[in-house]
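Counting from 11, one number per residue, gives the positions in the sequence shown under our numbering.
Written out below as structure tokens is the structure these notes cover.
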Amino acid sequence: MSPRPLRPFPFPLNVGTDICQISRIYGILNGPRRTRFINRILAPEEVKQYLSRFGAVHAKNEVGRDLKETELWKRAAFVAGR
């Protein structure tokens with residue numbers, strides 16, 4: 011008896027890129043749910059990297075600076091890239 015021919019997998023497998031809006035993540039990190047969000051989105055290794063890079067303190071007065079130059083925006087860009 012000859013072996014059955016192989017069938018192709020029924021669903022396409024693709025490697026993709028998620029696109030996120032940094033301003034949306036900025037809004038979440040600027041709110042009360044930032045810790046929960048960080049812990050849900052980042053892997054444990056990434057949380058360690060995030061904390062070593064930025065520290066745990068989130069609130070900082072950066073009035074007069076361009077939004078994209080603020081520490082919080084840089085944090086949001088880091089999370090968006092994960």
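Every residue, glycine too, gets a C-beta built ideally from N, C-alpha and C.
Tell me whether residue i sits in a helix, a strand or coil according to DSSP, three-state version.
i	result
Phe88	helix
Ile51	helix
Arg75	coil
Gln59	helix
Ser33	helix
Under 8 Å, do residue i and residue j count as touching if we go by C-beta distance?
i	j	result
Phe88	Tyr60	yes
Ile48	Ala86	no
Ile51	Arg14	no
Leu82	Leu39	yes
Is residue i near the ligand HEM, with its Cβ less than 7 Å from a heavy atom?
i	result
Arg50	In the structure shown, the ligand HEM is absent, as is every other ligand, since no ligand is present at all.
Out of the options, which one is the CA nearest neighbour of residue i?
i	options	result
Ala90	Ser62, Arg75, Glu56, Gly65	Glu56
Arg63	Lys84, Tyr36, Thr45	Lys84
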